[in-house]
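Asks: Each residue of the sequence shown is one higher than the last, beginning at -11 in my numbering.
For each residue, glycine too, the CB sits at the ideal point set by N, CA and C.
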Amino acid sequence: MLEYGLFGDGGVAPVRLQVDGVQSPLLEQLQASPSLLWVGSTLGLSPQQALEIICLLGVLLSLEAALLGAFRDSLVYLGLWALYLSLYTVGGDFLRSEWDSLLLEAGFLAILVAPCGLLRRIFPAGYHDPLTFWLTRWLLFRLVLCTGLSKLASGDARPGVGDLT
């Protein structure tokens, strides 16, 4: 697993070096570096155990959201986003590519687009905010545009694409 080779106790960038030895209050730790790993240390878990729990929770929540319609809720997507933000925060240089930022942004938009189970009684089932859908379209436009520009800039485009014919 990726977590052992990179962030595990014997990995390239052990997460315990970022978490161990910090003695500030939990709220200050979360404000400085938003990660659920700080909560794990207050529960008496080692950084490696907290990292494994975060990964397992992410897998379970995403499988439930993919397979069961009842779990396609904005609160589930909020949990998934918080779990990935936790990994992104402690990931350092290994999780600083544009794809990781895209995942965080798409996850946040999923929170806004998905229906919230708590608000289903207030708003009808078909209600969607037009702004969130325009933000989603803007994200997809940026993805396609940046992918095309990077393909053109790399010189790896198919014949006829590089000269825009």
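1) Work out the CA separation of Leu56 and Glu93 for me, nearest whole Å.
2) Fully enclosed by the stretch 62 to 88, which alpha helix (DSSP H) runs are 4 residues long or longer?
3) Terminal residues of the continuous alpha helix (DSSP H) containing Cys104?
4) When the Cα atoms are used, what is the spatial distance from Asp117 to Val101?
5) Hey, Tyr65 and Gly46: beta-carbon distance below 8 angstroms or not?
6) What does the Cβ neighbour count give for Trp87, buried or exposed, with the cut at 16 atoms within 10 Å?
7) Do you know offhand how far Pro35's Cα is from Leu25's?
8) With distances taken from CA atoms, which of Leu75, Ala70, Gly67 is nearest Glu40?
9) Start and end of the alpha helix (DSSP H) containing Arg130?
10) Whole angstroms are fine: how far does the CA of Leu137 sit from the CA of Gly80?
11) Have a look at Pro22 and Lys139 and give me their C-alpha separation to the nearest angstrom.
12) To the nearest angstrom, how far is the alpha carbon of Thr124 from that of Leu63?
13) Residues in its own chain within less than 6 angstroms of Leu131 by CB, not counting five upstream and five downstream?
Replies: According to the structure data:
1) Against the sequence shown, residue 93 aligns to sequence position 105. Against the sequence shown, residue 56 aligns to sequence position 68. For Glu93 and Leu56, the distance between alpha carbons rounds to 23 angstroms.
2) 62 to 78
3) Your numbering for residue 104 matches position 116 in the sequence shown. Looking at the DSSP string, Cys104 is not in any alpha helix (DSSP H), and its letter there is neither H nor E.
4) For the purposes of this step, residue 117 is taken as the residue at position 129 of the sequence shown. For the purposes of this step, residue 101 is taken as the residue at position 113 of the sequence shown. Between Asp117 and Val101, the C-alpha separation is close to 8 angstroms.
5) Position 77 of the sequence shown, counted from the first residue, corresponds to residue 65. Position 58 of the sequence shown, counted from the first residue, corresponds to residue 46. Against a cut-off of 8 angstroms, the Cβ pair of Gly46 and Tyr65 comes out as no contact.
6) Within the sequence shown, the letter at position 99 stands for residue 87. Exposed: under 16 other Cβ atoms inside 10 Å.
7) Here residue 35 refers to the residue found at position 47 when the sequence shown is read from its first residue. Here residue 25 refers to the residue found at position 37 when the sequence shown is read from its first residue. Approximately 7 angstroms between the Cα atoms of the pair.
8) Position 52 of the sequence shown holds residue 40. Ranking Leu75, Ala70, Gly67 by Cα distance to Glu40 puts Leu75 first.
9) For the purposes of this step, residue 130 is taken as the residue at position 142 of the sequence shown. It spans 118 to 142 - the alpha helix (DSSP H) in which Arg130 sits, taken as one unbroken run.
10) Sequence index remark: in the sequence shown, residue 80 carries index 92 (1-based). Sequence index remark: in the sequence shown, residue 137 carries index 149 (1-based). In a straight line, the C-alpha of Gly80 is about 26 angstroms away from that of Leu137.
11) Along the sequence shown, one-based indexing puts residue 22 at 34. Along the sequence shown, one-based indexing puts residue 139 at 151. Between Pro22 and Lys139, the C-alpha separation is close to 34 angstroms.
12) The residue you call residue 124 lines up with position 136 of the sequence shown. The residue you call residue 63 lines up with position 75 of the sequence shown. If you take the alpha carbons of Thr124 and Leu63, they lie about 18 angstroms apart.
13) Here residue 131 refers to the residue found at position 143 of the sequence shown. None.
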